[in-house]
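Student: These protein sequences, in sequence, are chains Y and Z. If you use the numbering used here, the first sequence corresponds to residues 1 to 148, in order. If you use the numbering used here, the second sequence corresponds to residues 149 to 555, in order. Mind looking over this structure? Questions follow.
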Amino acid sequence: MNITDELYQQVILEHNRHPVHFHTLGDATHKAEGFNPLCGDRYWVYVRVDEKDLIDDVSFTGNGCAISKASLSIMTEAILGKSIEYTKDLFGRFHELVQGNSDDADELGELAVFGGVAKYPARVKCAALGWHTLMGALNRSQDSVCTE
Amino acid sequence: MTGTLARVDQDFPALAQTIHGQYPLVYLDNAATTFKARPVIAALNRYYSQESANIHRGVHTLSQLATERYEAARATVQTFIGAEQVEDIIFTSGTTAAINMVAQGFVRKRLSPGDEILITEMEHHSNIVPWQMLREQTGAQLKVAPINDLGEVRLDAFAEMLSPRTKMVSIGYVSNALGTINPVKQMVALAHRIGAPVLVDAAQAVATIPVNVTDLDCDFLAFSGHKIFGPTGTGVLYGKQAILEQMDPVFGGGDMILSVTFEKTVYNHIPYRFEPGTPHIAGVIGLGAAIDYVTRIGMETIAAHDRKLARLAAERLSTIPGVRLIGEAADKTSIASFVLEHAHPHDIGTILDNHGVAIRAGHHCAQPVMQHFGVEATARASFSLYNTERDIDRLMEAVLKVKEVFV
Ligand SMILES: Cc1ncc(COP(=O)(O)O)c(C=O)c1O
Chain Y
1 MNITDELYQQ VILEHNRHPV HFHTLGDATH KAEGFNPLCG DRYWVYVRVD EKDLIDDVSF
61 TGNGCAISKA SLSIMTEAIL GKSIEYTKDL FGRFHELVQG NSDDADELGE LAVFGGVAKY
121 PARVKCAALG WHTLMGALNR SQDSVCTE
Chain Z
149 MTGTLARVDQ DFPALAQTIH GQYPLVYLDN AATTFKARPV IAALNRYYSQ ESANIHRGVH
209 TLSQLATERY EAARATVQTF IGAEQVEDII FTSGTTAAIN MVAQGFVRKR LSPGDEILIT
269 EMEHHSNIVP WQMLREQTGA QLKVAPINDL GEVRLDAFAE MLSPRTKMVS IGYVSNALGT
329 INPVKQMVAL AHRIGAPVLV DAAQAVATIP VNVTDLDCDF LAFSGHKIFG PTGTGVLYGK
389 QAILEQMDPV FGGGDMILSV TFEKTVYNHI PYRFEPGTPH IAGVIGLGAA IDYVTRIGME
449 TIAAHDRKLA RLAAERLSTI PGVRLIGEAA DKTSIASFVL EHAHPHDIGT ILDNHGVAIR
509 AGHHCAQPVM QHFGVEATAR ASFSLYNTER DIDRLMEAVL KVKEVFV
């Protein structure tokens, strides 16, 4: 595989073209905005958490590069129906993956396609933007998450 | 006095590299910074390895030598931009520092609430933010002359926005996001009709078109050394003598004073008053070498070359379905900014880099320009004297690769 195809795997291109859960969520219990001032990527993440602390529904809107958009799309799939605790742990493992420190990439399922990002330090933030925004929403610590 | 651009690539050692171990580098990010010419590197090397001394304060041989070289660079800049006298040239750390010096040292004390500063919609953030800070400090207003959809300043609107309240006008000469060459001479004349002083941000202009402050009749002009094949951390603020005399120093310290007692300090003469502390001596000497270098080639020769490459790149890029050029001013140079359907500029930048082609992707520190064109970012190829038509071939090949990925 050449270096371009290694980064832009088909799964990523497909999610970029046809993102899933790509809409607002009227009854979200948590939401946050994520912004990368360097490139102008901007997203909103919406989450509905039920009384058992499970992610009952999740969605996103906004615009940015293929890496950030696909990452948000795949993220929503990976956390739907999962607990907050699991989600936070998954974020930690995803972070290790895109930093190039992961040794259990296979256990990350579809998220593993972002392993190629580790070779592009300038693009790690793109892959992580959605996750940081999600954490911002869940922690309710900020309304706007900035990756700079 | 025109030289030739044949084999200039030999003068820039950084050009001779391969990227990802296989692609000869095509460097098309010259609007961000230019590569350094051999004479510049040699000058830095000479200063650091031999003539390493502080200036204006030593009686010893090396200090005198360093002082001579530093002051020779000032004379070089004076001639290069056509300033009346050598004292009109102040060395700074760059364009950004120069604009802030004018804002705080010259404009601030002249502003009352309700007064106005006029800029254009295509300014770089460094010609926006210093004025916004001033607005906070003084209650003055910031007015913005709009651009049209080709990326040209609307002169009629600019003229209309000038009023007796206008206390400062600050305009870019060449837009770093669009490549537009503004009719600065005309704009200065309009501003002077109502008595407003004008600063010209020439950061993108100095390496791409001939610049002459006397012809423009501007009151200030700022540029950065690193965009004209010189060292980073160097720059120039030009000011007319009568204007500089009204400007206060923003930083105090050594070298900018004639005498200091705890009761009273007497400032040094212009320009030293505005160069406190130990400056970037090596850098300034290197900047002098850079200007000597482009002068030997001739700015007319360079300008024709950059303009031709920008036009060719625009022509060829626009043959690719899905490409939209951003900035199509009649008078433009050195820059081809574009977006491509289905591919974000960041992804374009990464894939181009994967093929050894270095461009910039982003908002280019000119977010208002991006807003005007309804985009978050663009991909920007920017050309300089060492680029060739072959580089545009490589750019085209790489953009077509992007199309293959993002069908
Ligand atoms: C038009 C323009 N003005 C100002 C600047 C700021 O220059 P510097 O960062 O060297 O201070 C730049 C640099 O990108 C520019 O292109």
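Glycine included, each C-beta is placed from N, C-alpha and C at the ideal position. Predicted model only: the values in this text are computed from it and were never measured.
1. Could you pull out every residue in the same chain whose Cβ sits closer than 6 Å to the Cβ of S83 (chain Y), ignoring the five residues on either side in sequence?
2. For ligand 1, I want to know if S482 (chain Z) counts as a neighbour, meaning its beta carbon is within less than 8 Å of at least one of the ligand's heavy atoms.
3. Between the Cα of S372 (chain Z) and those of Z:A438, Z:I405, Z:R341, Z:Y420, spot the shortest distance and give me the residue it belongs to.
4. With H, G and I counted as helix, E and B as strand and the rest as coil, what does DSSP make of M149 (chain Z)?
5. Would V322 (chain Z) and G230 (chain Z) qualify as a contact pair, given that the criterion is a beta-carbon distance under 9 Å?
6. Is there at least one non-hydrogen atom of ligand 1 closer than 8 Å to the beta-carbon of V471 (chain Z)?
7. What residues in the segment 35 to 67 of chain Y have a beta carbon less than 8 Å from any beta carbon of chain Z?
8. Report the rounded CA-to-CA distance for A185 (chain Z) versus Y218 (chain Z), giving the unit in angstroms.
9. With a threshold of 9 Å between beta carbons, is N2 (chain Y) in contact with chain Z?
10. Closer than 9 Å, CB to CB, is L72 (chain Y) near chain Z or not?
11. S141 (chain Y) by DSSP, collapsed to three states: which one?
12. How would you label T182 (chain Z), buried or exposed, when you count the other beta carbons within 10 angstroms and need 16 or more for buried?
13. Which residue wins for smallest C-alpha separation from E199 (chain Z), given the options Z:L213, Z:V207, Z:P187?
14. Among the residues of its own chain, which have a CB less than 6 Å from the CB of A127 (chain Y), if the five just before and after it don't count?
15. Taking the CB atoms as reference points, tell me whether E77 (chain Y) and V20 (chain Y) lie closer together than 9 Å.
16. For H30 (chain Y), name the three-state secondary structure that DSSP assigns.
17. Whole angstroms is fine: what's the gap from E216 (chain Z)'s alpha carbon to H132 (chain Y)'s?
18. Determine whether the Cβ of M518 (chain Z) lies closer than 9 Å to any Cβ atom of chain Y.
19. Could you check which residue in Y:H95, Y:T24, Y:R48 has the C-alpha nearest to that of F60 (chain Y)?
20. Apart from the five residues just before and just after M312 (chain Z), which ones in its own chain have a Cβ nearer than 7 Å to its Cβ?
21. Tell me which residue opens and which closes the alpha helix (DSSP H) that V361 (chain Z) is part of.
22. Give every residue of the same chain whose Cβ lies closer than 8 Å to the Cβ of E148 (chain Y), excluding the five residues on either side of it in the sequence, and list them in chain order.
23. At 3 residues or longer, and completely inside the segment 489 to 522 of chain Z: list those beta strand (DSSP E) runs for me, N to C.
24. Return no unless some Cβ of chain Z is closer than 9 Å to the Cβ of L25 (chain Y).
25. Start and end of the alpha helix (DSSP H) containing N193 (chain Z)?
26. Between A129 (chain Y) and chain Z, is any beta-carbon pair separated by less than 9 Å?
27. Taking all protein chains shown into account, do 16 or more other C-beta atoms lie within 10 angstroms of the C-beta of F228 (chain Z), making it buried, or fewer, making it exposed?
28. Output needed for E6 (chain Y): all residues of its chain with C-beta closer than 8 Å, excluding positions within five of it in sequence on either side, in chain order.
29. Out of Z:E524, Z:D396, Z:V188, state which residue places its alpha-carbon closest to the alpha-carbon of G387 (chain Z).
Tutor: In short, the structure shows the following:
1. Looking up residue 83 (chain Y) in the first sequence gives position 83. Contacts found: D53, L54.
2. Stepping through the second sequence from its first residue, residue 482 (chain Z) is reached at position 334. Outside the cutoff, so no.
3. Residue numbering aside, residue 372 (chain Z) sits at position 224 when the second sequence is read from its first letter. Among Z:A438, Z:I405, Z:R341, Z:Y420, the Cα nearest to that of S372 (chain Z) belongs to Z:A438.
4. Residue 149 (chain Z) sits at position 1 when you count from the first residue of the second sequence. Since pLDDT at M149 (chain Z) reaches only 43, below the 50 mark, its modelled position is unreliable, and no value is offered.
5. Taking the first residue of the second sequence as position 1, residue 322 (chain Z) is located at position 174. Taking the first residue of the second sequence as position 1, residue 230 (chain Z) is located at position 82. Contact flag unset, no.
6. Indexing the second sequence from 1 puts residue 471 (chain Z) at position 323. Answer for V471 (chain Z): no, Cβ out of range of ligand 1.
7. So the close ones are L38, C39, G40, D41, R42, N63, G64, C65, A66, I67.
8. Working through the second sequence from its first residue, we reach residue 185 (chain Z) at position 37. Working through the second sequence from its first residue, we reach residue 218 (chain Z) at position 70. The alpha-carbon atoms of A185 (chain Z) and Y218 (chain Z) are separated by roughly 18 Å.
9. Numbered from 1 along the first sequence, position 2 holds the residue referred to as residue 2 (chain Y). For N2 (chain Y), the closest Cβ of chain Z is nearer than 9 Å.
10. Position 72 of the first sequence, counting from 1, holds the residue named residue 72 (chain Y). No - not a single Cβ of chain Z is within 9 Å of the one on L72 (chain Y).
11. By 1-based counting over the first sequence, the position of residue 141 (chain Y) is 141. Below a pLDDT of 50, predicted positions are generally treated as unreliable, and S141 (chain Y), at 47, falls in that range; no measurement from the model is reported.
12. Position 34 of the second sequence, counting from 1, holds the residue named residue 182 (chain Z). Buried, since its Cβ has 16 or more Cβ neighbours within 10 Å.
13. Numbered from 1 along the second sequence, position 51 holds the residue referred to as residue 199 (chain Z). Closest by alpha carbon: Z:L213.
14. On the first sequence, position 127 is the one that residue 127 (chain Y) refers to. Beyond the five residues adjoining it in sequence on each side, A127 (chain Y) comes within less than 6 Å, by CB distance, of I67, S71, V98, F114, V117 in the same chain, given in chain order.
15. As a first step, residue 77 (chain Y) is located in the first sequence; it is residue number 77 there, counting from the start. As a first step, residue 20 (chain Y) is located in the first sequence; it is residue number 20 there, counting from the start. Yes.
16. Residue mapping note: residue 30 (chain Y) aligns to position 30 of the first sequence, counting from 1. Reduced to three states, the DSSP call for H30 (chain Y) is strand.
17. Counted from its first residue, the second sequence places residue 216 (chain Z) at position 68. Counted from its first residue, the first sequence places residue 132 (chain Y) at position 132. The straight-line gap separating the alpha-carbon atoms of E216 (chain Z) and H132 (chain Y) is approximately 54 Å.
18. By one-based count along the second sequence, residue 518 (chain Z) stands at place 370. True, the Cβ-Cβ gap to chain Y drops below 9 Å.
19. What you label residue 60 (chain Y) is simply residue 60 of the first sequence in a count that begins at 1. If we check each option's Cα against that of F60 (chain Y), Y:T24 comes out closest.
20. If you number the second sequence from 1, residue 312 (chain Z) lands on position 164. The displayed chain sequence assigns Pro, not Met, to residue 312 (chain Z). If we look at P312 (chain Z) and ignore the five residues flanking it on each side, its Cβ neighbours are I342.
21. Along the second sequence, one-based indexing puts residue 361 (chain Z) at 213. For V361 (chain Z), the enclosing alpha helix (DSSP H) covers residues 361 to 364.
22. Within the first sequence, residue 148 (chain Y) is the residue found at index 148, counting from 1. Note on E148 (chain Y): pLDDT 48, under 50, position unreliable in the model; the coordinate value appears next. N36, P37, L38.
23. Listed in chain order, they are 508 to 510.
24. Translated into the one-based positions of the first sequence, residue 25 (chain Y) becomes position 25. Chain Z contact via Cβ: absent.
25. Here residue 193 (chain Z) corresponds to residue number 45 of the second sequence, with the count starting at 1. For N193 (chain Z), the uninterrupted alpha helix (DSSP H) run begins and ends at 186 to 197, by DSSP.
26. Position 129 of the first sequence, counted from the first residue, corresponds to residue 129 (chain Y). In the sequence on display, residue 129 (chain Y) carries Leu and not Ala. Chain Z contact via Cβ: absent.
27. Translated into positions along the second sequence, residue 228 (chain Z) becomes position 80. Label assigned to F228 (chain Z): buried.
28. Reading the first sequence from its first residue, position 6 is the one you call residue 6 (chain Y). Cβ neighbours of E6 (chain Y) beyond the five flanking positions: G116, K119.
29. Indexing the second sequence from 1 puts residue 387 (chain Z) at position 239. Taking each of Z:E524, Z:D396, Z:V188 in turn and checking the Cα distance to G387 (chain Z), the smallest one comes out for Z:D396.
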